[in-house]
Amino acid sequence: MRVVIYSLLLTVLLSVLSYIFATATIKQDIANELEASLTSIDSRIESTLNLVVSLPKHEGCESEHRRFYNRKAYIEEEVRALGYVRNHTTGWYACSLFGEVSSNKSYWAGNTSEQGVFIGWSLLTTYFPEPSFVVAQQVGETEYFAYINPRRMLGHWLESPLRDYFYQVYLLGESLPRYSSEHVNIDNSFWSTFVLSHRVVSPQYPYELKVSVSRSAVLLRTATYTLRMLLAFGVIWWLLIVVRRALKPVVQHHSSYANDD
Numbered sequence: 097m098r099v100v101i102y103s104l105l106l107t108v109l110l111s112v113l114s115y116i117f118a119t120a121t122i123k124q125d126i127a128n129e130l131e132a133s134l135t136s137i138d139s140r141i142e143s144t145l146n147l148v149v150s151l152p153k154h155e156g157c158e159s160e161h162r163r164f165y166n167r168k169a170y171i172e173e174e175v176r177a178l179g180y181v182r183n184h185t186t187g188w189y190a191c192s193l194f195g196e197v198s199s200n201k202s203y204w205a206g207n208t209s210e211q212g213v214f215i216g217w218s219l220l221t222t223y224f225p226e227p228s229f230v231v232a233q234q235v236g237e238t239e240y241f242a243y244i245n246p247r248r249m250l251g252h253w254l255e256s257p258l259r260d261y262f263y264q265v266y267l268l269g270e271s272l273p274r275y276s277s278e279h280v281n282i283d284n285s286f287w288s289t290f291v292l293s294h295r296v297v298s299p300q301y302p303y304e305l306k307v308s309v310s311r312s313a314v315l316l317r318t319a320t321y322t323l324r325m326l327l328a329f330g331v332i333w334w335l336l337i338v339v340r341r342a343l344k345p346v347v348q349h350h351s352s353y354a355n356d357d
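By our numbering, the letter at position 42 of the sequence shown is numbered 138, and the numbering carries on one by one without gaps.
Next up, the structure:
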């Protein structure tokens, strides 16, 4: 009975230590993942900006302009649409591969950096079933833009998104995410509740990225560390028993010589 109690106490102690260690390592993993993810996304945004800046500067929206935008979007698989938008007193005017459009409705939501770089989301879904991630560069009174499928941002743009991690993109200062990763199944169960998360701002562009980990992932790592510790403790205990048994005859032999003397 005493052996069982000691075994249970040992298991509980190792489980607590494993949970502390698992939490610490996951927090460090989240920090490393955020740093790597921001670097990857920022480099993709920079490449997109280079493409946007290279777009020809023109007036109007002739068929040759639309064909150019269409061909460029086809070649550059990162983007789904290219064009420019210009504000007027009565609204705005845009030219893209879909032709010319004018309206007075808000078309984007986001933030513009001091360098005139806009990062945000489209508000109009006329041509796409979901809001697009928007990267734009202001040149004078005109903003040249690229629309990007948001799935690329949290899919292809991340080098290797971790399976148990949940990614969310925020516009700078907003409390609700604009887009979330889809590779993690989210429900309202006890195990899917996020217990660890960290959110950071991109050092280059006006957006934020958050990475979260569910309770099940933390407990799974805790269980893994607990089993490893129990195995290591068992091996060490077994080695101590083997060494003790090996040394016992030697000790008895020396004791018999001492008694003879």
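For every residue, glycine included, the Cβ atom is placed at its ideal position computed from N, Cα and C.
- Distance between valine 181 and serine 192, taken at the CA atoms: about 9 Å.
- Taking 8 Å as the cut-off, the beta carbon of leucine 250 is found no closer than this to the beta carbon of glutamate 304.
- The same chain holds no residue with a CB closer than 6 Å to that of glycine 330 once the five nearest residues on each side in sequence are set aside.
- Arginine 295 places its beta carbon 8 Å or farther from that of isoleucine 122.
- Listed as beta-bridge partners of leucine 336 by DSSP are no residues whatsoever.
- DSSP places valine 175 outside both helix and strand once states are collapsed to three, so it counts as coil.
- Put simply, the backbone Cα of arginine 140 is about 32 Å away from that of serine 312.
- For arginine 295, the uninterrupted beta strand (DSSP E) run begins and ends at 290 to 297, by DSSP.
- By the Cβ neighbour-count rule, isoleucine 126 is buried, with 16 or more other Cβ atoms within 10 Å of its own.
- Taking the C-beta atoms as reference points, leucine 130 is found nearer than 8 Å to valine 307.
- Listed as beta-bridge partners of serine 308 by DSSP are Phe262 and Ser293.
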